[in-house]
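Working notes, beginning with the structure itself.
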Amino acid sequence: LPLSVVPSGLMTRRIGFFGPLLVLLSVLSAVVTFLVLTGLTPYEPTQNVFITLMSVNAAFVVALLINIGIEILGLFRARWRGQAGATLHIRVIGLFSIVAALPASVVAAVASITLDRGLDNWFSTRTRTIIETSLSVANAYVQEQGRLIRAESLAMATDINRAWPVYANDKPRFLEFLKAQGTIRGLPVSMLIDGKLNVTARAAIPGYSDTPLPPPEVISDAQTQDSVIIAPGSRNLIGAVVKLRAYEDRYLVVARPFDPRIADYVRRTSAGAAEFKALEERRLGFQVAFALMYVMIALIILLAAIWIGLAFANRLVDPIRRLINASTEVAGGNLYVRVPTDHREADLAMLGETFNSMTDTLRTQRNELVGANSLLDRRRRFMEA
Numbered sequence: 022l023p024l025s026v027v028p029s030g031l032m033t034r035r036i037g038f039f040g041p042l043l044v045l046l047s048v049l050s051a052v053v054t055f056l057v058l059t060g061l062t063p064y065e066p067t068q069n070v071f072i073t074l075m076s077v078n079a080a081f082v083v084a085l086l087i088n089i090g091i092e093i094l095g096l097f098r099a100r101w102r103g104q105a106g107a108t109l110h111i112r113v114i115g116l117f118s119i120v121a122a123l124p125a126s127v128v129a130a131v132a133s134i135t136l137d138r139g140l141d142n143w144f145s146t147r148t149r150t151i152i153e154t155s156l157s158v159a160n161a162y163v164q165e166q167g168r169l170i171r172a173e174s175l176a177m178a179t180d181i182n183r184a185w186p187v188y189a190n191d192k193p194r195f196l197e198f199l200k201a202q203g204t205i206r207g208l209p210v211s212m213l214i215d216g217k218l219n220v221t222a223r224a225a226i227p228g229y230s231d232t233p234l235p236p237p238e239v240i241s242d243a244q245t246q247d248s249v250i251i252a253p254g255s256r257n258l259i260g261a262v263v264k265l266r267a268y269e270d271r272y273l274v275v276a277r278p279f280d281p282r283i284a285d286y287v288r289r290t291s292a293g294a295a296e297f298k299a300l301e302e303r304r305l306g307f308q309v310a311f312a313l314m315y316v317m318i319a320l321i322i323l324l325a326a327i328w329i330g331l332a333f334a335n336r337l338v339d340p341i342r343r344l345i346n347a348s349t350e351v352a353g354g355n356l357y358v359r360v361p362t363d364h365r366e367a368d369l370a371m372l373g374e375t376f377n378s379m380t381d382t383l384r385t386q387r388n389e390l391v392g393a394n395s396l397l398d399r400r401r402r403f404m405e406a
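Using the working numbering, read the sequence shown as starting at 22 and increasing by one per residue.
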């Protein structure tokens with residue numbers, strides 16, 4: 022009689038080419054997303070890039086869910102039909118899923134809480150303190166320079182108010198007086214302007230003849246304040262404007278150089294503090310965005326692990342299912358059944374070969390017994406005859 026081979030059945034179908042390709046592309050998408058978010062690629066993580074990555078990852082998550090759902094549905098159908106090994110298959114896949122998902126989920130939750138409540142708060146608090154302290158130091162320096170030039174401008178305005186007769190009767194002498202006042206007080210920019218920002222007198226100090234005039238709003242403030250400070254600008258000059266009470270519609274404008282390095286530090290510190298404040302205001306949005314992206318990456322990794330568990334369970338349970346089917350055939354009296362073996366299955370392949378050897382031995386022994394029994398029966402009939 023020809024030897025019969027145990028059929029593989031419905032549940033022994035292997036996951037084809039689409040499954041591994043989908044898992045590979047999904048993991049690759051997760052890795053690219055991680056690299057983009059950490060700034061390790063030439064692409065900036067802008068809103069459009071974030072939305073694109075989110076959409077691609079979501080599509081892979083849905084595809085993996087559908088693929089895994091189809092496999093699990095096939096498992097339950099096989100169990101409902103009573104196919105051999107279906108219950109074992111479901112248990113193995115469930116165990117692999119728990120082993121793959123539970124530790125990763127616990128570690129992810131612990132890491133998120135630890136980073137948010139531990140390192141993140143620690144660094145953000147100290148970073149905020151450093152930025153606020155730096156800004157305070159920079160502002161304190163500017164304010165100190167402002168107080169100094171304010172005192173100098175008020176003292177110089179007092180002397181110029183007393184020199185009103187000289188200004189009215191001897192303009193060249195007044196200009197020399199103005200130059201001397203600016204030189205003595207370390208104020209190379211010294212000039213008088215009217216309410217329409219017309220220069221009526223300027224100290225002839227080399228290098229400062231093209232100093233820009235103060236903005237109109239400063240003139241308005243000087244009418245109600247004793248001295249208005251002008252913060253350093255692009256020319257790195259800190260100045261002050263004082264209304265001259267002894268003059269009609271005249272204002273004293275003075276300024277001195279401000280260290281450009283310190284001015285640059287002040288501007289950078291102010292810009293950094295403003296950027297940090299803006300980032301803190303958008304902190305919740307960033308956290309939600311990164312949390313969503315983290316969830317997508319985690320889902321891809323977990324679903325890929327579950328799919329790998331499915332594939333591994335298929336390879337593990339398939340030989341066992343063949344043995345169960347073959348054992349059922351042997352129990353029904355079919356000793357000509359053989360279990361297909363694959364050397365890549367290692368110990369399970371050896372078990373299949375052992376089973377085939379056992380059925381060969383049983384078949385040989387049964388044939389010998391049948392032959393011996395037939396011989397005895399012929400002898401009995403001969404003796405009776």
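Quick reminder that beta carbons are idealized off the backbone N, C-alpha and C, glycines included.
For clarity, every value in this text was computed on a predicted model and none was experimentally measured.
Beta-carbon proximity of Val163 to Val275, cut-off 8 Å
For the purposes of this step, residue 163 is taken as the residue at position 142 of the sequence shown. For the purposes of this step, residue 275 is taken as the residue at position 254 of the sequence shown. No. Outside cutoff.
Grouping DSSP H, G and I as helix and E and B as strand, with all else coil, what is Gly30?
Locating residue 30 in the sequence shown gives position 9, where the first residue counts as 1. Residue confidence for Gly30 is low, a pLDDT of 45 falling below 50, so the modelled location carries little weight; the figure read from the coordinates is stated next. Gly30: coil per DSSP, three-state reduction.
Bridge-paired residues (DSSP) for Met212:
Counted from its first residue, the sequence shown places residue 212 at position 191. Arg223, Val274.
According to DSSP, is Lys192 part of a helix, a strand, or is it coil?
On the sequence shown, residue 192 is found 171 positions in, with the first residue counted as 1. The three-state reading of DSSP puts Lys192 in helix, counting H, G and I together.
Outcome for Ser76 when other beta-carbon atoms lying within 10 angstroms are tallied against a minimum of 16
Numbered from its first residue, the sequence shown carries residue 76 at position 55. The residue is exposed, with fewer than 16 neighbouring Cβ atoms inside 10 Å.
Over what stretch of residues does the alpha helix (DSSP H) that includes Leu96 continue unbroken?
To locate residue 96, count along the sequence shown from 1; it is residue 75. Unbroken alpha helix (DSSP H) run through Leu96: 68-101.
Would Trp101 be called buried (16 or more neighbouring beta carbons within 10 Å of its own) or exposed?
Against the sequence shown, residue 101 aligns to sequence position 80. Counting C-beta atoms within 10 angstroms of its own C-beta, Trp101 has fewer than 16 neighbours from the protein chains shown and is therefore classed as exposed.
Integer-rounded CB distance, given that Trp328 should sit under 8 Å from Gly40:
Residue mapping note: residue 40 aligns to position 19 of the sequence shown, counting from 1. Residue mapping note: residue 328 aligns to position 307 of the sequence shown, counting from 1. Right, the Cβ-Cβ distance comes to about 6 Å (below 8 Å), so this counts as a contact.
Neighbourhood of Thr380 by C-beta, 8 Å cutoff - its chain only, sequence neighbours within 5 removed
Numbered from 1 along the sequence shown, position 359 holds the residue referred to as residue 380. Contacts found: Ala347, Val351, Leu356, Tyr357, Val358, Arg359.
Any heavy atom of the ligand FMN inside 7 Å of the beta-carbon of Pro235?
Ligands in the displayed structure: none, and consequently the ligand FMN is not present.
State buried or exposed for Ile321, treating a residue as buried only when at least 16 other CB atoms are found within 10 Å of its CB.
In the sequence shown, residue 321 corresponds to position 300, counting from 1. Ile321 comes out buried.
Assuming Leu300 is part of the alpha helix (DSSP H), what are its boundary residues?
For the purposes of this step, residue 300 is taken as the residue at position 279 of the sequence shown. Its alpha helix (DSSP H) spans residues 281-302.
Please classify Lys264: does DSSP put it in a helix, a strand, or coil?
Taking the sequence shown and counting its residues from 1, the one referred to as residue 264 is at position 243. It is a strand residue.
Residue nearest to Thr290 in terms of C-alpha spacing, selected from Arg183, Thr154, Ser118
Mapped onto the sequence shown, residue 290 falls at position 269. Measuring from the Cα of Thr290, the nearest candidate turns out to be Thr154.
Between which residues of its own chain and Gln68 is the CB-CB distance below 6 Å, once the five residues before and five after are set aside?
Reading the sequence shown from its first residue, position 47 is the one you call residue 68. Sequence-distant Cβ neighbours of Gln68 in its own chain, meaning closer than 6 Å and more than five residues away, do not exist here.
Leu123 and Ala325: beta carbons closer than 8 Å?
Residue 123 sits at position 102 when you count from the first residue of the sequence shown. Residue 325 sits at position 304 when you count from the first residue of the sequence shown. No, Cβ-Cβ distance for Leu123 and Ala325 is not below 8 Å.
For the alpha helix (DSSP H) containing Val249, name the first residue and the last one.
Sequence index remark: in the sequence shown, residue 249 carries index 228 (1-based). Premise fails: Val249 lies in the beta strand (DSSP E), 249-251, not in any alpha helix (DSSP H).
Taking just the CA atoms, how far does Ala80 sit from Ala252?
Numbered from 1 along the sequence shown, position 231 holds the residue referred to as residue 252. Numbered from 1 along the sequence shown, position 59 holds the residue referred to as residue 80. Ala252 and Ala80 have their C-alpha atoms roughly 55 Å apart.
Identity of the residues DSSP links to Leu258 by a beta bridge
Start at 1 with the first residue of the sequence shown, and residue 258 comes out as number 237. Pro278, per the DSSP bridge assignment.
Beta-carbon spacing of Pro209, Ile181 below 8 Å:
As a first step, residue 209 is located in the sequence shown; it is residue number 188 there, counting from the start. As a first step, residue 181 is located in the sequence shown; it is residue number 160 there, counting from the start. Contact annotation: Pro209 and Ile181 have beta-carbon atoms that are not nearer than 8 Å.
Look at Ala261 and Ser248 and say whether their C-beta atoms are less than 8 Å apart.
Translated into the one-based positions of the sequence shown, residue 261 becomes position 240. Translated into the one-based positions of the sequence shown, residue 248 becomes position 227. Result yes, Cβ atoms of Ala261 and Ser248 sit closer than 8 Å.
In whole angstroms, give me the CA-to-CA distance for Thr148 and Val70.
Working through the sequence shown from its first residue, we reach residue 148 at position 127. Working through the sequence shown from its first residue, we reach residue 70 at position 49. Near 28 Å, if we compare the C-alpha coordinates of Val70 and Thr148.
Nearest-angstrom Cα distance between Pro278 and Ala130?
The sequence position of residue 278 within the sequence shown is 257, counting from 1. The sequence position of residue 130 within the sequence shown is 109, counting from 1. Computed Cα separation, rounded: 56 Å.
For the structure I just gave you, are there three or more beta carbon pairs, one from the region 47-62 and one from the region 295-303, closer than 8 Å?
Too few Cβ pairs lie closer than 8 Å, so no.
Spatially closest choice to Ala334 from Ser47, Glu92, Leu344, by CA coordinates:
Taking the sequence shown and counting its residues from 1, one reaches residue 334 at position 313. Distance from the Cα of Ala334 is smallest, within the candidate group Ser47, Glu92, Leu344, for Glu92.
Just verifying my parser: in three-state terms, what is the DSSP assignment at Met404?
Taking the sequence shown and counting its residues from 1, one reaches residue 404 at position 383. Three-state DSSP puts Met404 in a helix.
Decide if Thr232 is buried, meaning its Cβ has at least 16 other Cβ atoms within 10 Å, or exposed.
One-based indexing of the sequence shown puts residue 232 at position 211. Here Thr232 is buried. Its C-beta has 16 or more other C-beta atoms within 10 Å.
Rounded to the nearest angstrom, what separates Ser118 and Gly330 at their Cα positions?
Within the sequence shown, the letter at position 97 stands for residue 118. Within the sequence shown, the letter at position 309 stands for residue 330. Between Ser118 and Gly330, the C-alpha separation is close to 7 Å.
Excluding sequence positions up to five away, which residues of its chain have a Cβ less than 8 Å from the Cβ of Val239?
Stepping through the sequence shown from its first residue, residue 239 is reached at position 218. The residues Val249, Ile251, Val262, in chain order, have a CB closer than 8 Å to that of Val239 in the same chain once the five nearest residues on each side in sequence are set aside.
As assigned by DSSP and simplified to three states, the class of Ala184
For the purposes of this step, residue 184 is taken as the residue at position 163 of the sequence shown. Judged by DSSP in its simplified three-state form, Ala184 adopts coil rather than helix or strand.
Could you name the residues of the same chain whose beta carbon sits closer than 7 Å to that of Val82, not counting the 5 residues immediately before and after it, in chain order?
As a position in the sequence shown, residue 82 is number 61, starting the count at 1. For Val82, where only same-chain residues beyond five positions count, the Cβ hits under 7 Å are Met317, Leu320, Ile321, Leu324.
Looking at C-alpha atoms only, which residue of Asn78, Tyr188, Arg206 is the closest neighbour of Arg171?
Here the question's residue 171 lines up with position 150 in the sequence shown. Answer by Cα proximity: Arg206.
Between which residues of its own chain and Tyr188 is the CB-CB distance below 6 Å, once the five residues before and five after are set aside?
Residue numbering aside, residue 188 sits at position 167 when the sequence shown is read from its first letter. Closer than 6 Å at the Cβ level, and outside the excluded window around Tyr188, lie Phe195.
DSSP three-state label for Arg149, please.
Locating residue 149 in the sequence shown gives position 128, counting from the first residue. Under the three-state reduction of DSSP output, Arg149 falls in the helix class.
Got a sec, what are the start and stop residues for the alpha helix (DSSP H) Thr62 sits in?
Along the sequence shown, one-based indexing puts residue 62 at 41. Unbroken run through Thr62: none, as it is neither H nor E.
Counted within 10 angstroms of its Cβ, other Cβ atoms place Ala292 as buried (16 or more) or exposed:
Reading the sequence shown from its first residue, position 271 is the one you call residue 292. Burial call: exposed.
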